[in-house]
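Take our numbering: the last position of the sequence shown gets the number 202, and nothing is skipped along the way.
Every residue gets a Cβ at the ideal spot worked out from N, C-alpha and C, and that includes glycine.
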Amino acid sequence: MFEDMRTVGAVRIGASNHCNRRLYIVKPPTPAPKDRDGPRVNNEIESRTIRLVDADGEMVGVVSLREGLEMAAEVGLDLVEVSPNAEPPVCKILDYGKFKYEAQKKKAEARKKQKVIEVKEIKLRPGIDDNDYGVKLRAMRKFLEEGDKVKVTLRFRGREMAHQDLGMKVMDRVRAELDDLAKVEQFPKMEGRQMVMVVAPR
């Protein structure tokens, strides 16, 4: 009767000493998407016998699947198969929604750590106007926020080579306005006809 339902509470009924039965209030288990990539939950668990860990992390021992489902239902939680290859499978009583959220969060953090840091190049001119400068600065901030380094190149043309101090002023401005996000990995230096600076996320 209870194979496809969970108990969430129980009350005693019966007026005589010879009749002392329990009436279980039941509700359907937490539904799980058919194509979900994750552990078996509640009635998805196939083994009739499980090794149970309760909601406090204490090992209960080997019990029937039905007992595990009833214990989970009594505390309003789910029965989740956490070690399917064990014999019998290890199942834990927990909040599956929270469990899934934490698992997704860990995966996201792992992907973030595995991110390949790229070097994005932004090209400037010694006489760049404020409008273009603002566009370039926003692009640099975006790259840094995504975890990438930024190579700032400032190219001199013709007689501009005689005014490298103007280029240095632009680089100093960039460095100051990115100070909250970036540290200088390579200070401005001349490479041929261009000045180069590399900044990295803090």
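Simplified DSSP assignment, three categories, for residue i
i, result
"ASP78", "strand"
"LEU69", "helix"
"VAL116", "coil"
"PHE99", "helix"
"GLU160", "helix"
"GLU58", "coil"
"GLU121", "strand"
"ARG155", "strand"
Cα-Cα separation between residue i and residue j, rounded to whole angstroms
i, j, result
"MET171", "MET197", "8 Å"
"LEU79", "GLU87", "17 Å"
"PHE156", "PRO201", "27 Å"
"ALA110", "GLN104", "10 Å"
"GLU160", "LEU154", "11 Å"
Top-ranked residue by Cα proximity to residue i, from the options
i, options, result
"GLU177", "LEU144, VAL60, GLU74 and ALA55", "LEU144"
"PRO84", "ILE122, PRO126, ILE50 and MET190", "ILE50"
"ALA72", "GLU81, VAL82, ALA55 and VAL62", "ALA55"
Element boundaries [beta strand (DSSP E), containing residue i]
i, result
"VAL174", "Counting along the chain, VAL174 falls outside any beta strand (DSSP E), though it belongs to the alpha helix (DSSP H) covering 164–177."
"GLU191", "182–191"
"ALA200", "194–201"
"ARG48", "No beta strand (DSSP E) holds ARG48; DSSP gives it neither H nor E."
For residue i, the first and last residue of its enclosing alpha helix (DSSP H)
i, result
"VAL90", "Careful: VAL90 lies outside any alpha helix (DSSP H), inside the beta strand (DSSP E) at 90–94."
"ASP130", "130–145"
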